[in-house]
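First the structure, in the form of C-alpha coordinates, and then the observations on it.
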Amino acid sequence: IKIRTTLPSIPPIDSRDEIHTSRLIIRAPRISDVPALHILRIQHEAMKYSAKGADKTLEDTRRSLDDFFPPNDSKTYHFLIFEKDTGDLVGKGGMHGITGRNFGWPEVGYSFKQEAWGKGYGTEFLTAFLQNWWSLPRSEVEIEVDATSLDAE
1 IKIRTTLPSI
11 PPIDSRDEIH
21 TSRLIIRAPR
31 ISDVPALHIL
41 RIQHEAMKYS
51 AKGADKTLED
61 TRRSLDDFFP
71 PNDSKTYHFL
81 IFEKDTGDLV
91 GKGGMHGITG
101 RNFGWPEVGY
111 SFKQEAWGKG
121 YGTEFLTAFL
131 QNWWSLPRSE
141 VEIEVDATSL
151 DAE
(Lines of atoms letter the chains of each structure in order from A; the text may use other names.)
(Lines give C-alpha, C1' and ligand atoms only; values in the text may rest on other atoms or scores of the structure.)
Protein backbone atom coordinates (compact mmCIF):
# COMPACT_ATOMS: atom_id res chain seq x y z
CA ILE A 1 0.00 0.00 0.00
CA LYS A 2 1.27 3.51 -0.80
CA ILE A 3 1.41 6.00 2.08
CA ARG A 4 2.64 9.53 2.72
CA THR A 5 5.21 9.99 5.47
CA THR A 6 8.41 11.87 6.11
CA LEU A 7 11.94 10.58 5.66
CA PRO A 8 15.16 12.36 6.52
CA SER A 9 17.78 13.68 4.15
CA ILE A 10 20.74 11.44 4.96
CA PRO A 11 23.97 13.45 5.25
CA PRO A 12 27.05 12.12 3.45
CA ILE A 13 29.12 9.88 5.69
CA ASP A 14 31.99 12.37 5.92
CA SER A 15 29.72 15.13 7.27
CA ARG A 16 27.82 13.20 9.93
CA ASP A 17 28.04 14.56 13.44
CA GLU A 18 29.55 12.47 16.20
CA ILE A 19 27.09 11.60 18.94
CA HIS A 20 28.33 11.66 22.53
CA THR A 21 26.65 10.11 25.55
CA SER A 22 27.94 9.80 29.08
CA ARG A 23 29.77 6.56 28.19
CA LEU A 24 29.82 6.28 24.40
CA ILE A 25 31.14 7.96 21.29
CA ILE A 26 29.01 7.13 18.25
CA ARG A 27 30.56 8.08 14.93
CA ALA A 28 30.58 7.22 11.24
CA PRO A 29 32.78 4.28 10.24
CA ARG A 30 36.19 4.74 8.66
CA ILE A 31 38.31 2.27 6.71
CA SER A 32 40.87 2.45 9.53
CA ASP A 33 38.22 0.87 11.81
CA VAL A 34 38.27 -2.46 9.94
CA PRO A 35 40.58 -4.34 12.37
CA ALA A 36 38.56 -3.29 15.44
CA LEU A 37 35.25 -3.94 13.68
CA HIS A 38 36.48 -7.37 12.61
CA ILE A 39 36.72 -8.44 16.28
CA LEU A 40 32.97 -7.78 16.61
CA ARG A 41 32.00 -9.20 13.22
CA ILE A 42 33.65 -12.61 13.82
CA GLN A 43 31.63 -13.21 17.00
CA HIS A 44 28.88 -15.63 15.96
CA GLU A 45 26.57 -14.73 18.86
CA ALA A 46 26.93 -10.99 18.20
CA MET A 47 26.21 -11.46 14.48
CA LYS A 48 23.49 -14.12 14.85
CA TYR A 49 20.67 -11.88 13.63
CA SER A 50 22.54 -10.06 10.88
CA ALA A 51 21.62 -10.79 7.28
CA LYS A 52 25.06 -12.18 6.41
CA GLY A 53 26.16 -13.70 9.71
CA ALA A 54 29.69 -13.62 11.10
CA ASP A 55 32.62 -12.64 8.90
CA LYS A 56 35.27 -15.21 8.09
CA THR A 57 38.08 -12.89 6.97
CA LEU A 58 39.31 -9.35 7.44
CA GLU A 59 38.40 -8.77 3.78
CA ASP A 60 34.78 -9.76 4.57
CA THR A 61 34.76 -7.04 7.22
CA ARG A 62 36.23 -4.48 4.84
CA ARG A 63 33.60 -5.36 2.23
CA SER A 64 30.86 -4.99 4.85
CA LEU A 65 31.64 -1.27 4.94
CA ASP A 66 30.97 -0.86 1.20
CA ASP A 67 27.27 -0.33 1.96
CA PHE A 68 28.13 2.66 4.15
CA PHE A 69 30.55 4.56 1.90
CA PRO A 70 29.79 6.57 -1.27
CA PRO A 71 27.83 6.06 -3.42
CA ASN A 72 25.78 3.96 -0.97
CA ASP A 73 25.95 6.29 2.04
CA SER A 74 22.60 7.90 1.17
CA LYS A 75 20.84 4.54 1.66
CA THR A 76 22.06 3.79 5.18
CA TYR A 77 22.70 5.76 8.34
CA HIS A 78 25.17 3.65 10.29
CA PHE A 79 27.64 4.35 13.06
CA LEU A 80 30.29 2.58 15.09
CA ILE A 81 30.03 2.67 18.86
CA PHE A 82 33.07 3.23 21.10
CA GLU A 83 33.54 3.30 24.85
CA LYS A 84 34.35 6.89 25.74
CA ASP A 85 36.81 5.96 28.51
CA THR A 86 38.86 3.38 26.57
CA GLY A 87 38.26 4.28 22.93
CA ASP A 88 37.51 0.59 22.26
CA LEU A 89 34.97 -0.30 19.59
CA VAL A 90 32.12 -2.10 21.35
CA GLY A 91 29.36 -2.08 18.74
CA LYS A 92 27.79 -0.90 15.54
CA GLY A 93 24.31 0.25 14.71
CA GLY A 94 22.08 2.46 12.70
CA MET A 95 19.27 2.64 10.22
CA HIS A 96 19.14 0.50 7.11
CA GLY A 97 16.44 -0.18 4.60
CA ILE A 98 15.84 3.55 4.24
CA THR A 99 14.82 2.98 0.63
CA GLY A 100 12.33 0.36 1.75
CA ARG A 101 12.97 -3.29 2.38
CA ASN A 102 11.23 -5.76 4.66
CA PHE A 103 7.94 -3.99 5.40
CA GLY A 104 8.91 -0.84 3.48
CA TRP A 105 9.97 1.18 6.51
CA PRO A 106 13.46 2.13 7.63
CA GLU A 107 14.76 -0.42 10.12
CA VAL A 108 17.05 0.19 13.08
CA GLY A 109 19.56 -2.44 14.12
CA TYR A 110 22.63 -2.84 16.26
CA SER A 111 25.21 -5.40 17.39
CA PHE A 112 27.58 -5.33 20.33
CA LYS A 113 30.65 -7.38 21.17
CA GLN A 114 29.70 -10.04 23.70
CA GLU A 115 32.03 -8.46 26.25
CA ALA A 116 29.82 -5.33 26.11
CA TRP A 117 26.52 -7.13 26.72
CA GLY A 118 24.61 -6.38 29.90
CA LYS A 119 26.06 -2.91 30.42
CA GLY A 120 23.12 -0.90 29.07
CA TYR A 121 25.01 0.18 25.96
CA GLY A 122 22.15 -0.86 23.66
CA THR A 123 19.70 1.40 25.46
CA GLU A 124 22.23 4.23 25.62
CA PHE A 125 23.02 3.89 21.90
CA LEU A 126 19.38 3.70 20.79
CA THR A 127 18.32 6.67 22.91
CA ALA A 128 21.07 8.90 21.47
CA PHE A 129 20.85 7.52 17.93
CA LEU A 130 17.08 7.95 17.65
CA GLN A 131 17.28 11.49 19.00
CA ASN A 132 19.83 12.20 16.26
CA TRP A 133 17.72 10.41 13.60
CA TRP A 134 14.60 12.43 14.39
CA SER A 135 16.58 15.69 14.36
CA LEU A 136 17.61 15.23 10.70
CA PRO A 137 15.86 17.49 8.16
CA ARG A 138 12.86 15.68 6.71
CA SER A 139 10.66 15.90 3.67
CA GLU A 140 7.33 14.35 2.83
CA VAL A 141 7.47 11.31 0.55
CA GLU A 142 5.26 8.53 -0.74
CA ILE A 143 6.49 5.02 -0.02
CA GLU A 144 5.20 1.49 -0.49
CA VAL A 145 4.73 -0.39 2.76
CA ASP A 146 3.32 -3.77 3.66
CA ALA A 147 -0.31 -3.26 4.69
CA THR A 148 0.22 -5.52 7.71
CA SER A 149 2.65 -2.94 9.12
CA LEU A 150 -0.13 -0.36 9.51
CA ASP A 151 -2.64 0.04 12.32
CA ALA A 152 -5.85 -1.67 11.21
CA GLU A 153 -8.08 1.09 12.60
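Just so it is clear: in the sequence shown, position 106 is 106 by the working numbering, and no numbers are missing. Even for Gly, the Cβ is constructed at its ideal location relative to N, Cα and C. Predicted, not measured: the structure shown is a model, and the values here were computed from it.
Inset, instruction - Output the distance between the C-alpha atoms of E124 and I13, rounded to the nearest integer angstrom. - result: Position 124 of the sequence shown, counted from the start, is the residue given in the question as residue 124. Position 13 of the sequence shown, counted from the start, is the residue given in the question as residue 13. Answer to the nearest angstrom: the Cα atoms are 22 Å apart.
Legend entry - Reference A36, options G91, K52, P137 and V145, closest by Cα: The residue you call residue 36 lines up with position 36 of the sequence shown. For the residues G91, K52, P137 and V145, the minimum Cα distance to A36 belongs to G91.
Inset, instruction - Taking E125 as part of the alpha helix (DSSP H), name the residues at either end of that continuous run. - result: In the sequence shown, residue 125 corresponds to position 125, counting from 1. The sequence given here has Phe at residue 125, not Glu. Run containing F125: Y121 to S135, per the alpha helix (DSSP H) assignment.
Legend entry - Rounded C-alpha distance that separates G93 from P70: Working through the sequence shown from its first residue, we reach residue 93 at position 93. Working through the sequence shown from its first residue, we reach residue 70 at position 70. Using only the alpha carbons, I get a separation of about 18 Å.
Inset, instruction - Name the one or two DSSP bridge partners that P71 has. - result: By one-based count along the sequence shown, residue 71 stands at place 71. Note: P71 sits in no beta bridge, so no partner.
Legend entry - Candidates E107, I42 and I39: closest to L7 by CA position: By 1-based counting over the sequence shown, the position of residue 7 is 7. Of the listed residues, the one whose Cα sits closest to L7 is E107.
Legend entry - Residue nearest to T61 in terms of C-alpha spacing, selected from F82, Y49, R30 and N72: On the sequence shown, position 61 is the one that residue 61 refers to. With distances taken between Cα atoms, T61 lies closest to R30.
Inset, instruction - Specify the secondary structure class of P8 as computed by DSSP and reduced to three states. - result: If you number the sequence shown from 1, residue 8 lands on position 8. The answer is strand: DSSP assigns P8 an E or B state.
Inset, instruction - With DSSP as the reference, please indicate the residues paired to V145 in a beta bridge. - result: In the sequence shown, counting from the first residue as 1, residue 145 sits at position 145. Note: V145 sits in no beta bridge, so no partner.
Legend entry - Neighbour-count burial assignment, G118, 16 or more Cβ in a 10 Å radius: Reading the sequence shown from its first residue, position 118 is the one you call residue 118. G118 is exposed by the Cβ-count criterion.
Inset, instruction - Kindly list the residues whose CB is nearer than 6 Å to the CB of I42, restricted to its own chain and excluding five residues on each side of it in sequence; keep chain order. - result: In the sequence shown, counting from the first residue as 1, residue 42 sits at position 42. Only A54 and D55 meet the Cβ criterion.
Legend entry - For S64, three-class secondary structure by DSSP: Residue numbering aside, residue 64 sits at position 64 when the sequence shown is read from its first letter. Correct three-state label for S64: helix.
Legend entry - Straight-line gap, I143 to K75 (C-alpha atoms, nearest Å): Counted from its first residue, the sequence shown places residue 143 at position 143. Counted from its first residue, the sequence shown places residue 75 at position 75. In a straight line, the C-alpha of I143 is about 14 Å away from that of K75.
Legend entry - A51 and K113 closer than 8 Å at C-beta: Counting from one through the sequence shown, the residue named residue 51 turns up at place 51. Counting from one through the sequence shown, the residue named residue 113 turns up at place 113. At the C-beta level, A51 and K113 stay beyond 8 Å of one another.
Inset, instruction - Can you give me the Cβ contacts of F79 inside the same chain, cut-off strictly under 8 Å, excluding the 5 residues immediately before and after it? - result: In the sequence shown, counting from the first residue as 1, residue 79 sits at position 79. The beta carbon of F79 is closer than 8 Å to those of R16, I19, I26, R27, A28, P29, K92, G93, G94 and F129 in its chain, skipping five residues each way along the sequence.
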